[in-house]
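Residues in the sequence shown are numbered consecutively from 64, following my numbering. Idealized CB from N, CA, C, for every residue including glycine. All of these numbers come straight from a predicted model, not from anything done at the bench. Working notes, structure below.
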Amino acid sequence: MRGRASVAIELSDEERSFLEAQLRRHKAERSLSDRCRIVLRCADGLTSKEVAAELGHAEHTVGKWRRRFAEHRIEGLSDEYRAGRPRTISDAQVAEIIKQTLETTPKDATHWSIRSMAAETGYSHTTIRRIWNAFGLQPHRSETFKLSTDPLFVDKVQDVVGLYMSPPNRAIVLCLDEKSQIQALDREQPVLPMAPGVAERRTHTYLRNGTTSLFAALDIATGAVVGKCYKRHRATEFLDFLKELDRNLPEGPDVHLVMDNYATHKTPKVKAWLARRPHWQVHFTPTSASWLNQIERWFAELTRKQIQRGVHRSVAELEADIMAFIDAHNDNPKPYRWVKSADEILTSVKRFCLKTMNRTSIPGD
């Protein structure tokens, strides 16, 4: 006696390509790979019993996916929706956990943890984890911010960003700032180099061997950097660096300087020196908004690539490494690409201020 005839499987070129591609994927789910393999063997003309014996599955499993594919094609290989276990916590209880997370703190800490919230509410820590993940709550994280109180914040943002996005013709735009008090640090014991499976190791204690201050200027058009190290960080050194820039810059083009409101940038001697050079124009960033100065981004690269893990037994070694980094950078300089307009920045700041006000406002005020 013969059983029920197997459903015939015929594949189009696109379907066969898709099924074979799933078998070659290293990150494909095992269940999907097995189903694709079953369908491909069924399409080769084998019966469900033969496919089951060859692939090591039960015959009814092969028959199930054969029928599912014949009826729904590729979409039929996905798992059907399963309702799962009924919820044991109500919406009101979830809302109470969220309210307690946002509005209260534990007696012995500044913020809740999953375990402390679970102990406080009586729910399991996995329940608390799921609720926090669903609503994006992360009490262990904290971020800092600082809003500029400069009364001319809007005007300065529009001025500096406009200079970045639409620089004047036949002019040089330089972002200038200083990185002061860079420490020459040596480790108390030799640094252990990286090995297979072992990260580089160093002692957490160090020896201070003096400090230096770096004055640097970034050309926004080319990405090239001019820098010079000084022992002290005063208006005298700043003026000397301006003179160094003046000697190195070509004659003719106007020079636009972007810098912050530090006191050494506004001394009478500096103002008098700039006044004698009308082709030098200064653009100040707003107070507490040094992120507008592109040289700060380059300082971050210098810190991360050279200073942070460097070992320097003297200030001379530190300054030599800094100048070597500048030379290496200038061998293949790349300008930073400013993408946000002034209006986008101001809109973002406004949105943040409104959000902050809504979060900190007291009901009834």
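message = Quick test of your reading: E241 and H296, contact by CB under 8 Å. State the CB separation rounded to the nearest angstrom.
response = In the sequence shown, counting from the first residue as 1, residue 241 sits at position 178. In the sequence shown, counting from the first residue as 1, residue 296 sits at position 233. Right, the Cβ-Cβ distance comes to about 6 Å (below 8 Å), so this counts as a contact.
query = What are the boundary residues of the alpha helix (DSSP H) that includes I358?
reply = As a position in the sequence shown, residue 358 is number 295, starting the count at 1. Per DSSP, I358 belongs to the alpha helix (DSSP H) from I358 to L365.
query = Between G315 and the rest of its own chain, which residues show a CB-CB distance below 6 Å, the 5 nearest in sequence each way excluded?
reply = On the sequence shown, residue 315 is found 252 positions in, with the first residue counted as 1. For G315, where only same-chain residues beyond five positions count, there are no Cβ hits under 6 Å.
key: Contacting residues, own chain, Cβ-Cβ under 8 Å from L312 (five flanking each side not counted)   = Start at 1 with the first residue of the sequence shown, and residue 312 comes out as number 249. Taken in chain order, the residues that qualify are I235 and V318.
query = If you check the beta carbons only, do L337 and V345 fall under 8 Å apart?
reply = Numbered from its first residue, the sequence shown carries residue 337 at position 274. Numbered from its first residue, the sequence shown carries residue 345 at position 282. When the beta-carbon positions are compared, L337 and V345 come within less than 8 Å of each other.
message = Could you tell me the alpha carbon to alpha carbon distance between T212 and E359, rounded to whole angstroms?
response = Sequence index remark: in the sequence shown, residue 212 carries index 149 (1-based). Sequence index remark: in the sequence shown, residue 359 carries index 296 (1-based). Answer to the nearest angstrom: the Cα atoms are 20 Å apart.
According to DSSP, residues forming a beta bridge with I429 = The question about residue 429 has no answer here: the residues shown for the chain are numbered 64 through 428.
query = Considering only the beta carbon of each residue, do K209 and T348 sit closer than 8 Å?
reply = The residue given as residue 209 occupies position 146 in the sequence shown. The residue given as residue 348 occupies position 285 in the sequence shown. Contact: no.
Element boundaries [alpha helix (DSSP H), containing L320] = Here residue 320 corresponds to residue number 257 of the sequence shown, with the count starting at 1. No alpha helix (DSSP H) holds L320; the beta strand (DSSP E) holding it covers D317 to M322.
key: Y227 (DSSP reduced to helix, strand or coil)   = Position 164 of the sequence shown, counted from the first residue, corresponds to residue 227. DSSP places Y227 within a helical segment (H, G or I) once states are collapsed to three.
task = Verify whether the separation of the beta carbon atoms of T190 and W175 is less than 8 Å.
result = Taking the first residue of the sequence shown as 1, we reach residue 190 at position 127. Taking the first residue of the sequence shown as 1, we reach residue 175 at position 112. No; because the gap between Cβ atoms is not below 8 Å, this pair is not in contact.
key: As assigned by DSSP and simplified to three states, the class of K403   = Start at 1 with the first residue of the sequence shown, and residue 403 comes out as number 340. DSSP places K403 in coil when its eight states are reduced to three.
ask   = Alpha carbon to alpha carbon, how far is R265 from L308?
value = Here residue 265 refers to the residue found at position 202 when the sequence shown is read from its first residue. Here residue 308 refers to the residue found at position 245 when the sequence shown is read from its first residue. Taking the straight line joining both Cα atoms gives about 39 Å.
request  = Return the CA-CA distance between I245 and R87, expressed in angstroms with no decimal places.
outcome  = Taking the sequence shown and counting its residues from 1, the one referred to as residue 245 is at position 182. Taking the sequence shown and counting its residues from 1, the one referred to as residue 87 is at position 24. Spanning the two alpha carbons is a distance of roughly 53 Å.
key: Cut-off 6 Å between Cβ atoms - residues of its own chain near P426, not counting five sequence neighbours on either side   = Start at 1 with the first residue of the sequence shown, and residue 426 comes out as number 363. Residue placement at P426 is flagged as unreliable, the pLDDT there being 44, under the threshold of 50; a coordinate-derived value is accordingly withheld.
key: C-alpha distance - Y293 paired with R192, whole-angstrom precision   = The residue given as residue 293 occupies position 230 in the sequence shown. The residue given as residue 192 occupies position 129 in the sequence shown. Y293 and R192 have their C-alpha atoms spaced approximately 53 Å apart.
query = At what residues does the alpha helix (DSSP H) containing G290 begin and finish?
reply = Looking up residue 290 in the sequence shown gives position 227. Following the DSSP letters along the chain, one finds G290 in no alpha helix (DSSP H) but inside the beta strand (DSSP E) bounded by residues V288 to Y293.
task = Since I believe F304 is in contact with V333 (beta carbons under 8 Å), could you give me their beta-carbon distance rounded to a whole number of angstroms?
result = Here residue 333 is taken as the residue at index 270 of the sequence shown, counted from 1. Here residue 304 is taken as the residue at index 241 of the sequence shown, counted from 1. Contact flag wrong, Cβ pair sits at about 11 Å.
key: Straight-line Cα distance separating E380 from Y269   = One-based indexing of the sequence shown puts residue 269 at position 206. One-based indexing of the sequence shown puts residue 380 at position 317. Spanning the two alpha carbons is a distance of roughly 16 Å.
ask   = Which runs of the alpha helix (DSSP H), 4 residues or longer, sit entirely within the stretch 133-215?
value = DSSP runs (the alpha helix (DSSP H)) wholly in the stretch 133-215: 154-166, 177-184 and 188-198.
query = Do you know how far the Cα of L417 is from the Cα of D97?
reply = In the sequence shown, the residue the question calls residue 97 occupies position 34. In the sequence shown, the residue the question calls residue 417 occupies position 354. Straight-line measurement puts the Cα of L417 at about 53 Å from the Cα of D97.
message = Quick check on the DSSP output: the beta strand (DSSP E) that includes H346 runs from which residue to which?
response = Position 283 of the sequence shown, counting from 1, holds the residue named residue 346. Looking at the DSSP string, the run of the beta strand (DSSP E) that includes H346 is W343 to F347.
task = State the DSSP-derived secondary structure class of V254, mapped to helix, strand or coil.
result = The residue you call residue 254 lines up with position 191 of the sequence shown. Collapsing the DSSP output to three states places V254 in coil.
Of the listed residues Y325, V254, K90 and S404, nearest to R372 (C-alpha basis) = Stepping through the sequence shown from its first residue, residue 372 is reached at position 309. Of the candidates Y325, V254, K90 and S404, the one whose C-alpha sits nearest the C-alpha of R372 is V254.
query = How is the alpha helix (DSSP H) around L95 delimited, first residue to last?
reply = For the purposes of this step, residue 95 is taken as residue 32 along the sequence shown, with counting starting at 1. L95 -> alpha helix (DSSP H) spans R93 to A106.
key: Contact under 8 Å by Cβ, S404 with M180   = Against the sequence shown, residue 404 aligns to sequence position 341. Against the sequence shown, residue 180 aligns to sequence position 117. No, Cβ-Cβ distance for S404 and M180 is not below 8 Å.
inquiry  = Tell me whether the stretch 285-292 and the stretch 385-400 touch, counting them as touching only if at least three CB pairs, one residue from each stretch, are closer than 8 Å.
reply    = Yes, the stretch 285-292 is in contact with the stretch 385-400.
inquiry  = Please list the terminal residues of the continuous alpha helix (DSSP H) segment that includes Q369.
reply    = Position 306 of the sequence shown, counting from 1, holds the residue named residue 369. Counting along the chain, Q369 falls outside any alpha helix (DSSP H), and DSSP gives it neither H nor E.
request  = Return helix, strand or coil for I283, following the three-state DSSP convention.
outcome  = Residue numbering aside, residue 283 sits at position 220 when the sequence shown is read from its first letter. It is coil, neither helix nor strand.
ask   = When the Cα of K112 is compared with those of C99, A106 and G126, which residue comes out closest?
value = Along the sequence shown, read from residue 1 onward, the residue named residue 112 stands at position 49. Nearest option by C-alpha distance: G126.
message = Give me the DSSP bridge partner(s) of L239.
response = By 1-based counting over the sequence shown, the position of residue 239 is 176. In the DSSP output, where bridge partners are listed per residue, L239 has A280.
key: M64 burial status per 10 Å Cβ neighbour count (16 or more: buried)   = Residue numbering aside, residue 64 sits at position 1 when the sequence shown is read from its first letter. With a pLDDT of 43 at M64, under the threshold of 50, the predicted position of this residue should be treated as unreliable, though the coordinate-derived value follows. Its Cβ having fewer than 16 others within 10 Å, M64 is exposed.
message = Cutting at 6 Å between CB atoms, please list the residues of its own chain near W128, excluding the five before and the five after it.
response = Start at 1 with the first residue of the sequence shown, and residue 128 comes out as number 65. So the qualifying residues of the chain are R98 and I101.
W195 versus R414: straight-line alpha-carbon distance, rounded = As a working note, residue 195 is residue 132 in the sequence shown. As a working note, residue 414 is residue 351 in the sequence shown. Going from the Cα of W195 to the Cα of R414 covers about 25 Å.
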